[in-house]
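Structure record follows, encoded as structure tokens.
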Amino acid sequence: MALLRLFNSVLILNSFLLLVLPIANGDGDVMKFTDADFKEGTKQYDVLLVKFYAPWCGHCKKLAPEFEKAATKLLQNDPPIHLAEVDCTEEKKTCDEFSVSGFPTLKIFRKGELAQDYDGPRVAEGIVKYMRGQAGPSATEISTSQEFEKMLESDDVTICGFFEGDSKLKDSFLKVADTERDRFKFVWTSNKQILESNGYNDDIVAYQPKKFHNKFEPSGFKYDGNYDTDKIKEFLLHETNGLVGIRTSENRYQFDLLPMFVVYSKVDYELDPKGSNYWRNRVLMVAKDYRRKAYFAVSNKDDFSFDLDEFGLTNRKDTKPLVAARSTKGKFFMKEEFSVENLRKFVEDVINDRLEPHLKSEEPPEEQGDVKVIVAKTFQEMVTDVEKDVLIEFYAPWCGHCKALAPKYDELGKKLSGESGVVIAKMDATANDVPPPFQVQGFPTLYWIPKNRKDKPEPYSGGREVDDFIKYIAKHATEELKGYKRDGKPKKKEEL
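When the letters of the sequence shown are read in order and numbered with mature numbering (1 follows the signal peptide of the UniProt record, and there is no 0), they come out as residues -26 to -1, 1 to 470.
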């Protein structure tokens, strides 16, 4: 009898686990989550990488074998690191909850909570290396004065927490370290000697690398806020790069505050630290007067040829640094030769809206077909201001998926050419600036823009066949199509 009760208990437990836990992919080691089990199923994992995908997506198909290889390898880690996936064509509630607007989208979760977007490599070895870096403690404890002095000599920006004991600020510091571990190096100490000699307790300090020390700012910046994690993150964005940050291809995502002024030169702290500091110090002379009003960085122009092309600076032959800026009003570049005085004037002109933004744009075509060709300089007129619904494709000429879509998209344009309330359009996103709020992270990217909600474009995530497009447009059109019912079926003659 006791054996029977034990058997029943095990059976009930196994049934419960089958209901709560995700079922592993039958073909491999990537787990599958559904709307029903995502919330509870993800809570058991300290770190979990989730891929949100659509079966028809070409980029998703390319990523799939790499993701599977990475999952297999990471399960051999000690402790194991898990990878999972969610099919957004089936599990729409979960994908909407996490604002998935393009495919594939990868996100990192910790104990069921979204920690951050994954922006690492998309090949197996790269995924493995990145996710191994996500495991383990995100903040290293410093136990001795020698370790602290070594930290101060580091070539990295270091965020140090000083905590004699447990506190709300310490808890928040460790939470921020978990979500921001890719951006910053975090350490903490409870060593009384270190706390007393530095005059900190229950404090967070951002330390600049020694090679960046200068007379215009301190080497460490103390956080003066409370234990609100968002405020700590805001502090990290403001202070960790100092008045003039060194912007590289690895850390460029840290420089997203506006207005941002970037000075492009031959900056190289490995080969020419003295020359690099010379130009940075010239920028510091201006930046010191604009704390929290404007943000500054220096970059190696050879590493940012894409930036120079985007700002129309590729053909400039200046021997001195080039300067470009971004603000909420657009992109700008300094026409004058670099000098402290010219930089100061340029900053004033940008922040006071005295300059016309630079717009990267092709010339509009002389004639238009059924699919309207949009360029940056006609976007406002043909998309934003036109009192029609618009379906727009952002494409790249070299993109294989775009080439495969082209004949279907042309056929769609032809079939809907008689619909006066709908525009089928496309824009080369490599040759034209894509205006906000549109985000293009892969090709092709399509948006549906209702005529009464031009400020809220909707990412198109439906099928890519002509009938799929027609069904979507017929259903979502502001006014019913002339030739199609709301379900996408052609109207009969008597219904026209």
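All C-beta atoms in this analysis are idealised placements derived from N, C-alpha and C, irrespective of residue type, glycine included.
One Cα belongs to tyrosine 19, the other to aspartate 11, and the distance between them is close to 14 Å. Given a length threshold of 3 residues, each whole run of the beta strand (DSSP E) inside the segment 292 to 320 is given here in chain order: 296 to 301 and 304 to 307.
Under DSSP, threonine 163 takes part in a beta bridge, and its partners are Ile116 and Phe136.
Across the structure, lysine 267 and aspartate 429 are spaced so that their CA atoms are roughly 27 Å apart.
Under the Cβ criterion (8 Å, minimum of three pairs), the segment 16 to 35 counts as touching the segment 63 to 75. For the pair of segments examined, the segment 325 to 336 was found not to touch the segment 379 to 390: the number of CB pairs separated by less than 8 Å stays below three. According to DSSP, glutamate 191 shares a beta bridge with Asn188.
Alanine 113 is positioned such that its CB atom lies closer than 8 Å to that of leucine 148. If you check the CB distance, valine 364 and isoleucine 325 do not come in under 8 Å.
In the DSSP assignment, threonine 79 falls within the unbroken beta strand (DSSP E) covering 79 to 84. Remark: three or more beta-carbon pairs, one from each stretch, lie closer than 8 Å, so the segment 403 to 423 and the segment 333 to 353 are flagged as touching.
Residue range 98 to 108 is occupied by the alpha helix (DSSP H) that includes methionine 105. The count of Cβ pairs closer than 8 Å, one atom from the segment 103 to 121 and one from the segment 44 to 60, reaches three, so the stretches are in contact. The Cβ atoms of leucine 379 and proline 418 lie closer than 8 Å to each other. If you compare the alpha carbons of Phe353, Ser435, Glu439 and Phe443 with that of alanine 403, the shortest gap goes to Phe353. DSSP assignment within the segment 212 to 272 yields the following whole beta strand (DSSP E) runs of 3 residues or more, N-terminal first: 218 to 220 and 234 to 239.
Taking 8 Å as the cut-off, the Cβ atoms of serine 301 and proline 233 count as close. About 13 Å separates the beta carbon of methionine 5 from that of alanine 44, a gap too long to meet the 8 Å contact definition.
Annotation for alanine 399: no alpha helix (DSSP H) segment contains it, though the beta strand (DSSP E) segment containing it runs 396 to 402.
DSSP places alanine 89 in the uninterrupted beta strand (DSSP E) bounded by 87 to 91. Annotation: lysine 425 to asparagine 175 spans about 56 Å, alpha carbon to alpha carbon. A Cβ-Cβ contact shorter than 8 Å links glutamate 213 with alanine 180. Nearest to asparagine 165 by C-alpha distance, out of Glu115, Asn188 and Cys373, is Glu115. In the structure shown, lysine 346 falls within a strand segment according to DSSP collapsed to helix, strand and coil. Within the segment 374 to 462, the runs of beta strand (DSSP E) that reach at least 3 residues and sit entirely inside it are, in chain order, 396 to 402 and 419 to 423.
Checking the DSSP bridge columns, you'll see isoleucine 366 partnered with Ala399 and Tyr421. Here the alpha carbons of glycine 15 and tyrosine 269 stand approximately 42 Å from one another.
Taking the CA atoms as reference points, lysine 445 sits about 14 Å from isoleucine 398.
For the pair valine 161 and threonine 132, the CB atoms are nearer than the 8 Å cut-off.
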